[in-house]
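One structure below.
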Amino acid sequence: MDHLRIGTGTINYARRLTRPERRMRARGFDYVSTNSLEAWQWLEPHGHNSDNTHLVVTGELTLWPRAAHHSCPDSGEILHREDMEGEYKFREVPCCAQTYGPGEYVDIDAMECYTAYAGPDGCTFVEGMKSLSPTSATRFFLRGMIKPAVPGTGELSITANAPLSCPGYEE
1 MDHLRIGTGT INYARRLTRP ERRMRARGFD YVSTNSLEAW QWLEPHGHNS
51 DNTHLVVTGE LTLWPRAAHH SCPDSGEILH REDMEGEYKF REVPCCAQTY
101 GPGEYVDIDA MECYTAYAGP DGCTFVEGMK SLSPTSATRF FLRGMIKPAV
151 PGTGELSITA NAPLSCPGYE E
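Position 75 of the sequence shown, counting from 1, maps to 75 under full-length UniProt numbering, and the rest follow consecutively.
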């Protein structure tokens with residue numbers, strides 16, 4: 001697999017972690033970020049190059065793997081919107097979807113494509129990753145979760161795998 005160098009960066013240990021973020025780090029996920037989704041907000045199909053997990057803090061997160069999307073005989077529809085300005089539209093939900101609530105972990109294997117959406121009250125969750133793709137590294141830099149490494153200090157730089165695409169989904 002090809003590796004891409006993302007400048008030089010290191011985990012921002014000066015940033016104060018929340019209790020759920022510390023719990024995530026204790027499970028071996030060095031890269032943590034707290035995210036919030038609005039009610040019914042949808043995460044487009046995506047995947048990560050390392051094992052990753054989500055710890056639901058508030059609300060509900062419904063998730064299913066890519067393989068399940070096309071293999072379930074029964075499905076339903078939910079109302080969702082892509083962003084705060086977007087219109088609500090119906091979207092198919094396969095029977096294999098599983099909903100997680102506060103305190104529950106959603107572990108996802110490396111290279112597994114998945115999709116998810118928040119419940120009626122939205123969702124706040126901590127995501128944890130063992131390594132970062134270029135896309136995730138950029139997001140983590142922008143949120144202050146990682147910081148530029150200082151040359152000559154011995155700080156480790158981040159080497160990330162090429163981004164993972166999820167074939168079979170229409171944009």
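Virtual Cβ for every residue (Gly too), placed ideally from N, Cα, C. These numbers were taken from a predicted model, which means no experiment stands behind them.
- Per DSSP, P45 is one residue of the beta strand (DSSP E) stretching across 42-46.
- Between the beta-carbon of T138 and that of P45 there is about 19 Å, and that puts the pair past the 8 Å contact cut.
- Between the alpha carbons of D107 and D121 lies a gap of roughly 22 Å.
- Nearest to R25 by alpha-carbon distance, out of G144, N52, W42, is N52.
- Non-local C-beta neighbours of D109 in its own chain, meaning closer than 8 Å and more than five positions away in sequence, comprise D51, ordered along the chain.
- Residue burial is scored here from C-beta neighbours: T62 has at least 16 other C-beta atoms within 10 angstroms and is therefore classed as buried.
- Cβ-Cβ distances below 6 Å link H54 to V106, F125, E127 in the same chain, with the five nearest sequence neighbours on each side left out; the list follows chain order.
- Apart from the 5 residues on each side of it in sequence, G101 sits with its Cβ closer than 7 Å to the Cβ of V56, E60 in its chain, given in chain order.
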